Amino acid sequence: MDALDALTTRRSPVQFAEPAPDDESLAEILRAAMRAPDHGKLRPWRFIVLRGDALKRFGNVMVEAMKRRDPNVPENMLERERAKPLRAPLIVVLAAAIKQGHKIPVIEQMLAAGAAAQNVLVAAHALGYGAAWKTGDCAYDDFVKETLGLAPSDAIVGFLYLGTPVGAPTILPQPDIKDFVRDWTG
Numbered sequence: 476m477d478a479l480d481a482l483t484t485r486r487s488p489v490q491f492a493e494p495a496p497d498d499e500s501l502a503e504i505l506r507a508a509m510r511a512p513d514h515g516k517l518r519p520w521r522f523i524v525l526r527g528d529a530l531k532r533f534g535n536v537m538v539e540a541m542k543r544r545d546p547n548v549p550e551n552m553l554e555r556e557r558a559k560p561l562r563a564p565l566i567v568v569l570a571a572a573i574k575q576g577h578k579i580p581v582i583e584q585m586l587a588a589g590a591a592a593q594n595v596l597v598a599a600h601a602l603g604y605g606a607a608w609k610t611g612d613c614a615y616d617d618f619v620k621e622t623l624g625l626a627p628s629d630a631i632v633g634f635l636y637l638g639t640p641v642g643a644p645t646i647l648p649q650p651d652i653k654d655f656v657r658d659w660t661g
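Counting in this note's numbering, the sequence shown runs from 476 upward without gaps.
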């Protein structure tokens, strides 16, 4: 698949199945991620790979985080939270190791990590896998960050779910480019 096809045909699957990317494919995907634009060469991205039993353990972490945020959360909500990591056979937690007070502004460090996330999604698609970028309350939770070994100043940019897409991709309407582009002549 050429680059433009990968960029213009990528979709986030609703459901995933095995197989997930094997170690070789995952390494290729993460190498593509690390080619993201990176002003200052800070390489802010950090990748934490969850698969197998780690997905179940992470579901328990998500439940604990939810309980800490709301001790009165109903049991059915806790069970839904516990099941979230099991939606795909592999999750890459993409974090940004933020350098506060650096000449490169925090927003640019976050954008570099976001560009790395986009590269993960496109590279996975180019290799025949599906990928979806998720966040939610756990992405902003200090307990979750600590449990994953991240610093308090780090930011979880997203939980990137990877696997084999189940079913046909949702066809999204193609917006008219004229609605988003204008010429400026000064």
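Built from N, CA and C at the ideal position, the CB exists for glycine as well.
Computed from a predicted model, the values in this text were never measured in an experiment.
Taking a contact as a CB-CB distance under 8 Å, the pair L553 and M541 counts as one, their CB atoms being some 6 Å apart. A Cβ-Cβ distance of about 6 Å is found for the pair L517 and K574, placing them in contact under the 8 Å criterion. The stretch 634–645 makes no contact with the stretch 576–591; the number of CB pairs closer than 8 Å stays below 3.
Put simply, the backbone Cα of L530 is about 14 Å away from that of C613. At a Cβ-Cβ threshold of 8 Å, L596 and A587 do not count as neighbours. F655: not part of any beta strand (DSSP E); DSSP gives it neither H nor E. Looking at L505, P546, L565, the one whose alpha-carbon comes closest to that of F491 is L565. For P494, the three-state secondary structure derived from DSSP is coil.
Residue range 528–544 is occupied by the alpha helix (DSSP H) that includes R532. In this structure, P512 lies near A590, with their beta-carbon atoms less than 8 Å apart.
For V548, the secondary structure class from DSSP, reduced to helix, strand or coil, is coil.
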